[in-house]
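*Asks:* Numbered according to mature numbering (1 follows the signal peptide of the UniProt record, and there is no 0), the sequence shown spans residues -25 to -1, 1 to 397. Just so you know, even glycine gets a beta-carbon here, dropped at the ideal spot from N, CA and C.
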Amino acid sequence: MSGLSPLRGWLSVLLLFLGEAKFQASTITLGEHLRWGYTSKFGYSTGTGNYSLRLRVSDEAKLAGNGRFNQNVTLFLETYLDEDWNEVMSIEDPCQRKKKSRSSMSVSVPLDGRWSETLRRTVRNNVRSHIWYFAVLDCAKKTENSRKFEYEMTHLNEGGSHFTVETRWTLPSNVLSLVCFVAFSGLFAKRCLAEMTSVGRLHMVIWALVVVVAMQLLAQSLHALHLWRYSYNGTGVRPFEILAEISFILSQLVQSALLLLIGYGYTLIPVDVDPATVLLTFGISAVVHIILVLLIKAEDSADKFHDYEGLAGKTLLALRLASFAVFLWCLKSTMTGAPYRIRGLLSMFAFVGAYWRPPILNTSLMLLQIGTAWWLHNQFLSRGEYFKVSELNSSSLPGGTPRSPRTPLESPTRSPQRDKRD
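1. Please name the residue or residues paired with Met128 in a DSSP beta bridge.
2. Just to confirm the assignment, what range does the alpha helix (DSSP H) spanning Glu220 have?
3. Are there three or more Cβ pairs, one per stretch, closer than 8 Å when the segment 240 to 255 is compared with the segment 216 to 224?
4. So what does DSSP say about Ile345, is it helix, strand or coil?
5. Enumerated in chain order, which unbroken segments of the alpha helix (DSSP H) with a length of 4 residues or greater are wholly contained in the segment 279 to 321?
6. When you compare only the Cα positions, how much space is there between Leu255 and Thr242?
7. Can you find the residues in the same chain that come closer than 8 Å, C-beta to C-beta, to Phe51, ignoring five residues on each side of it along the sequence?
8. Below 9 Å between beta carbons: does that hold for Arg122 and Asn25?
9. Kindly indicate which residue of Gly346, Pro314, Trp349 has the alpha-carbon position closest to the one of Lys363.
10. Using a Cβ-Cβ cut-off of 6 Å (strictly less than) and excluding sequence neighbours within five positions of Gly22, which residues of its own chain qualify?
11. Just tell me which of Val157, Ile106, Thr139 has its CA closest to the CA of Trp349.
12. Are Leu225 and Ile265 touching if we call contact CB-CB under 9 Å?
13. Out of Arg166, Val188, Ala232, Leu269, which has the shortest C-alpha to C-alpha gap to Glu216?
14. Can you tell me which of the three DSSP states Thr54 falls into?
15. Does the beta-carbon of Ser91 have 16 or more other beta-carbons within 10 angstroms, so that it is buried, or is it exposed?
16. Residues in the same chain with beta-carbon distance under 6 Å from Leu38, minus the five sequence neighbours each way, listed in chain order, please.
17. In three-state DSSP terms, what is Gly175?
18. Roughly how many angstroms separate the alpha carbons of Ile335 and Asp87, rounded to a whole number?
19. Going straight from the alpha carbon of Val32 to that of Arg10, what length do you get?
20. From Thr309, Leu234, Thr290, pick the residue whose C-alpha is nearest to that of Val263; which is it?
21. If you run the structure through DSSP and keep just helix, strand and coil, what is His105?
22. Please report the straight-line C-alpha distance between Ala164 and Leu228, rounded to a whole angstrom.
23. Measuring only the C-alpha atoms, how far is Arg143 from Phe355?
24. For Arg204, which residues from the same chain have a beta carbon less than 6 Å from its beta carbon, with the 5 sequence-adjacent residues on both sides left out?
25. Bridge partners of Ala110, per DSSP?
26. If you reduce the DSSP assignment to three classes, tell me which class Pro69 lands in.
27. Determine the extent of the alpha helix (DSSP H) in which residue 398 is found, giving its start and end residues.
28. Per the DSSP calculation, Lys123 is bridged to which residue(s)?
29. Spell out whether any CB of chain B is found under 9 Å from the CB atom of Leu177.
30. Is the beta carbon of Trp107 closer than 9 Å to that of Phe17?
31. Shortest alpha-carbon distance to Gly135 belongs to which of Gly238, Ser148, Tyr19, Gly285?
32. Tell me which same chain residues have a C-beta within less than 8 Å of the C-beta of Gly319, skipping the five on either side of it?
33. Round the Cβ separation of Ala325 and Leu306 to the nearest angstrom and send it over; I've been treating them as touching at under 8 Å.
34. Could you tell me whether the Cβ atoms of residue 434 and Thr54 are closer together than 9 Å?
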């Protein structure tokens, strides 16, 4: 049985991946020095919602039960209102927190590993929406030694909605974003084909944007499918959600790397860019970001309301702020001594590149991601300012001439010493 512990731990992480799910499955430990265990929280809208809970002793605790399989242990499920939660947590004695609970229900849990009978109750909000907190208590002190309990808890809002009150518009907003991004992707593909027909190739910055758009489209499609399924079963399709998160973070990283390289002067002035170094840096950054995102989604606590409250979230926030600082430094260095038109162009990149700053809402992040991709595609595939002052205006043939007229001072291939970077 001990060999299953790592697998069980990873499964618990995956189950917790959806912090806003109406169905939650995890473990709590209760015993001589642990009489109170937080299980979940849920935002109920006005009206009547419901919840259910069942528990069982884990395999490890069952083996430590000394053969007392015919006995039961009685636990209590306590509910607390958001307006009382801070006061509840200020009470040091867990068993005294019972005084602030809005309801208390007993659950008899068999010690032989069978599930308890499912406890089903309702909550009602008459005036406004509330976040309800749930915890399991063992104040009868019948568990002398620490014992681990597995639990499954289900929450439903009025009308059978599986979404919390703060996420009730998540599905329609994601579907709308997906429809808009599909329309943009079609336009982007059309312009890429036109560029291929006209020039016979696509520049590396355009191929990088192709990767950004493809991964973003994959992420939003998988996320929308997950949410659609979640609206029916309350759990969704977890592999889809995991792949969506990974695709989305990789899309962000590629787009961020693209902005950093342009800010550094790539395609605008003569600079030395080592592809191997870029790929190695991106690979390390991608692994770190994926690990942090998975850790963020696995974190669940009563006081967590957004992704940047835990250690992993703060680390990710620090990395993004550091990346934004590097982006601004690159821009400042490139703008020093650059021609006037390039300085004006980089000022626009400085404004659009601000998407590095962590958004408050996930929807804002998606809109910023789409908006940045739209702006970049317009810069790369139109005959605009970026096209005029970058390598994209140069012929792919040896000794070729620019595809649109410009002055010598605007050419990125000129090499006066003041524009050369080691």
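*Replies:* Based on what the coordinates show:
1. Gln(-2), Leu28
2. 213 to 239
3. no
4. helix
5. 286 to 310
6. 21 Å
7. Lys73, Ser79, Met80, Ser81, Val82, Val111, Leu112, Asp113, Cys114
8. no
9. Pro314
10. Glu133
11. Val157
12. yes
13. Leu269
14. strand
15. buried
16. Any reading at Leu38 needs caution, since the residue's pLDDT is 49, under 50, leaving its predicted position unreliable; the model's value is listed next. Nothing meets the Cβ criterion.
17. coil
18. Below a pLDDT of 50, predicted positions are generally treated as unreliable, and Ile335, at 40, falls in that range; no measurement from the model is reported.
19. 15 Å
20. Thr290
21. strand
22. 21 Å
23. 38 Å
24. Gly211, Val212
25. Tyr13, Glu53
26. helix
27. Here the chain has residues from -25 to 397 only, and residue 398 is not among them.
28. Thr4
29. The displayed structure is made up of one protein chain only, and chain B is not part of it.
30. yes
31. Tyr19
32. Glu360
33. 5 Å
34. What is shown of the chain runs -25 to 397, which leaves residue 434 out entirely.
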